[in-house]
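Engineer:
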Amino acid sequence: MTESSFPVTELEEADTLLQELLRIDTSNPPGGEKEATDRVARFCRDLGLSPEICGADPERPNLVARWNADPSHRKHRPLVLSCHLDVVPAAAEQWTHDPFSGHHDGTFIWGRGAIDMKGFAVMALAALARLRQENLPLTRDVIFAAVCDEEAGTRLGSRWLVENRPDLLGDKPEYVINEVGGFSVHLKGRRFYPIQVAEKGVAWLRLAVSGQSGHSSLPARDTAVERLGRAVTSITRTQLPWHPSEEAIQFIRGFAAPDSWVARKVAPLIAHPTIGPRLLPLAVPSGSRRLSLEAILRNTANPTCLVSDPALNVMPEEVSVDIDGRLAIGQTAEDLIRELEDVLPRDLRSHLDWEILHEAPASSFSTDTELFRELKAGIQRSDPEGHIVPSIIPGFTDSQNYAKLGAQCYGFYPVQLPEELDFASLFHGVDERIPVEGFHWGIQTLTETLRRFLVR
Ligand SMILES: [Zn+2]
1 MTESSFPVTE
11 LEEADTLLQE
21 LLRIDTSNPP
31 GGEKEATDRV
41 ARFCRDLGLS
51 PEICGADPER
61 PNLVARWNAD
71 PSHRKHRPLV
81 LSCHLDVVPA
91 AAEQWTHDPF
101 SGHHDGTFIW
111 GRGAIDMKGF
121 AVMALAALAR
131 LRQENLPLTR
141 DVIFAAVCDE
151 EAGTRLGSRW
161 LVENRPDLLG
171 DKPEYVINEV
181 GGFSVHLKGR
191 RFYPIQVAEK
201 GVAWLRLAVS
211 GQSGHSSLPA
221 RDTAVERLGR
231 AVTSITRTQL
241 PWHPSEEAIQ
251 FIRGFAAPDS
261 WVARKVAPLI
271 AHPTIGPRLL
281 PLAVPSGSRR
291 LSLEAILRNT
301 ANPTCLVSDP
311 ALNVMPEEVS
321 VDIDGRLAIG
331 QTAEDLIREL
341 EDVLPRDLRS
351 HLDWEILHEA
361 PASSFSTDTE
371 LFRELKAGIQ
381 RSDPEGHIVP
391 SIIPGFTDSQ
401 NYAKLGAQCY
411 GFYPVQLPEE
421 LDFASLFHGV
431 DERIPVEGFH
441 WGIQTLTETL
451 RRFLVR
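Here it is, written out as structure tokens:
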């Protein structure tokens, strides 16, 4: 596909809209997505759509716009194109260009959200704009959703929508296209395109530890703080058991398959509960890649917040630590608590109290669907030498909530990246930016994929 098959003016308009959205600071916390939502609403109205704005907080709205198929052509349940308009905060002093400048230097468009994920909002809108101009005879309704609050856990965003206004999402949408996938990854001279089909679950826990209380001017042993310190040390220094799901092994095999037979034989061995944890560091020595592979093969638990009484001169009877736990496929918060108790010093066990603050299971979606095949074909048309890999991420996205509506959700935000650009480092990283050429490539890839899928 060449740029000439897509009107250049529309690609330029997409750049401008992305710059406008990047200039609106939607850092979460605190969020404040309203201005960005209003801008997107204006674009939708220009397309002849009637976006609905709703949510629990007027300053933090969600937007949903629906393009209905002609009833005489409608054959299937809707497809949702979903994005979030909030971004993670950025420390401006570390950036080459102001993270909220939308700076366009001809090669890149810079800004917090260029990758995660205002770029996809614009990509989806540009595709819809093109297909509406062509009067594409849809066989299903297409719903565009731009939600708030993804980065802080989805409570006001997709979770609110799913719990309060599922009707806006078509009640039971068949499919959702969302982040994280479709971008190119360069490995040993080859280009891979992960398409996300699974994500880990969440178990946010609070561990309360009790101990001897009293005036802190006296020497004290067996205090809650001392016990908490030991508990935190044990949790952070331990590797939890291996849970090699089929999805995780398929992901590893996907990157290994085009390589030597050794790699093909080694990948399945990683599933072995005792060989796997030893083999992975040998097979994948690079730090960040290995860390994320290890994360999808086991539950993880990171103590993040300490909770205590503010009195400096009192030995508290109880102190707590909040733990960001992430669940491998098939695991529950109770499973994770059991694994953590196993690694804690025995003498602490009678002084512990666990609370599950929030739990959401891992989600996993089928690769045996019409849409997955179409996404795969879409990448292959745009890059015949690319290898598609069904992928799983250690984090979570809005798909976690859409899964509750029974939808098959895929991470597909196609961007062709130059080899020297490390995608993973841009996600929530310093100098987040999107290559203009790769962005236009993505707009055309998504448009052509939808053009074929939506008339099936
Ligand atoms: Zn995101």
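Note that this note's numbering numbers the sequence shown so that position 9 is 9, with each residue one more than the last. All C-beta atoms, glycine included, are put in the ideal place defined by N, C-alpha and C. Quick caveat: nothing in here was measured; it's all calculated off a predicted structure.
(1) Using the beta-carbon count (16 or more within 10 Å), is Thr37 buried or exposed?
(2) How about Met117: is its Cβ closer than 8 angstroms to a heavy atom in ligand 1?
(3) Please classify Leu375: does DSSP put it in a helix, a strand, or coil?
(4) Since Trp457 and Arg132 should fall inside the 8 angstroms C-beta cutoff, what is the C-beta to C-beta distance between them, to a whole number of angstroms?
(5) By how many angstroms is the C-alpha of Leu207 removed from the C-alpha of Leu136?
(6) Helix, strand or coil for Leu446 per DSSP?
(7) Cβ-heavy atom distance between Val180 and ligand 1 below 8 angstroms?
(8) Would DSSP call Trp354 helix, strand or coil?
(9) For the beta strand (DSSP E) that Leu207 lies in, which residues bound it at each end?
(10) So, helix, strand or coil for Tyr410, using DSSP?
(11) Given a cut-off of 9 angstroms on the beta-carbon distance, is the pair Phe255 and Gly386 in contact?
(12) Output the distance between the C-alpha atoms of Asn302 and His272, rounded to the nearest integer angstrom.
(13) Using the DSSP secondary-structure output, state which residues sit across from Pro435 in a beta bridge.
(14) If we count Cβ pairs, one from each stretch, closer than 8 angstroms, do we get three or more for the segment 374-390 versus the segment 440-454?
(15) How is Leu340 classed by DSSP in three states: helix, strand or coil?
(16) Taking Val87 and Glu151 to be in contact with their CB atoms under 8 angstroms, please state how far apart those CB atoms are, rounded to whole angstroms.
(17) Which value, in whole angstroms, describes the spacing of the CA atoms of Ile337 and Asn299?
(18) For Trp242, tell me which candidate among Arg227, Leu293, Asp222 has the shortest Cα-Cα distance.
(19) Would Glu33 and Glu52 qualify as a contact pair, given that the criterion is a beta-carbon distance under 9 angstroms?
(20) Exposed or buried, which one is Thr223 when buried takes at least 16 other CB atoms within 10 Å?
(21) Report the residue ranges of all beta strand (DSSP E) runs contained in full by the segment 294-348; include only those spanning at least 3 residues, in chain order.
(22) Select from Gly325, Val266, Met315 the residue whose C-alpha is nearest the C-alpha of Cys305.
(23) If contact is defined by three or more beta carbon pairs under 8 angstroms, each pair taking one atom from either stretch, is the segment 16-28 in contact with the segment 111-121?
(24) Mapping the DSSP letters down to three states, classify Pro441 as helix, strand or coil.
(25) So what's Ile252 in DSSP terms, helix, strand or just coil?
(26) Have a look at Leu291 and Leu279 and give me their C-alpha separation to the nearest angstrom.
(27) For the beta strand (DSSP E) containing Asn178, name the first residue and the last one.
(28) Which residue wins for smallest C-alpha separation from Val389, given the options Trp354, Val185, Gly157?
(29) Give me the Cα-Cα distance between Ile252 and Met315, rounded to the nearest whole angstrom.
(30) So, Val197 versus Gly411, is the Cβ gap smaller than 9 angstroms?
(31) Mind pulling the alpha helix (DSSP H) runs of 4 or more residues that sit fully within the segment 147-195?
(32) Would you call the CB atoms of Ile393 and Ile296 closer than 9 angstroms?
(33) Count the other CB atoms, across all protein chains shown, that sit within 10 Å of the CB of Thr107; report buried if there are 16 or more and exposed otherwise.
(34) Do you know whose CA, among Glu341, Pro361, Cys148, lies nearest Val209's CA?
(35) Excluding the 5 residues flanking Glu3 on each side, which residues of the same chain have their C-beta closer than 8 angstroms to its C-beta?
(36) Which partner residues of Ile393 appear in the DSSP bridge assignment?
Structural biologist: Straight from the coordinates:
(1) Buried, by the Cβ-count rule.
(2) Met117 Cβ: within cutoff of ligand 1.
(3) DSSP places Leu375 in helix when its eight states are reduced to three.
(4) Shown here, the chain extends from 1 to 456; a query on residue 457 therefore has no answer.
(5) Distance between the alpha carbons of Leu136 and Leu207 is about 55 angstroms.
(6) helix
(7) yes
(8) The three-state reading of DSSP puts Trp354 in strand, counting E and B together.
(9) 201-210
(10) strand
(11) no
(12) 25 angstroms
(13) Phe108
(14) Flag = yes, the segment 374-390 and the segment 440-454 touch.
(15) Three-state result, Leu340: helix.
(16) 7 angstroms
(17) 10 angstroms
(18) Leu293
(19) No, these two residues do not count as a Cβ contact at 9 angstroms.
(20) Around the beta carbon of Thr223, 16 or more other beta carbons sit within 10 angstroms, so the residue counts as buried.
(21) 300-307, 318-327
(22) Gly325
(23) Touching, yes, given that three or more Cβ pairs across the two stretches are closer than 8 angstroms.
(24) The sequence given here places Trp at residue 441; Pro does not occur at that position. In the structure shown, Trp441 sits in a helix (DSSP, three-state: H, G or I).
(25) helix
(26) 13 angstroms
(27) 175-178
(28) Val185
(29) 49 angstroms
(30) yes
(31) 158-164
(32) yes
(33) By the C-beta density criterion, Thr107 is exposed, having fewer than 16 other C-beta atoms within 10 angstroms.
(34) Glu341
(35) At Glu3 the pLDDT is 45, less than 50, meaning the model places this residue with poor confidence; the figure from the coordinates comes in the next sentence. Counting only Cβ-Cβ distances below 8 angstroms, and skipping sequence neighbours, we find Leu11, His440, Gln444.
(36) Glu199
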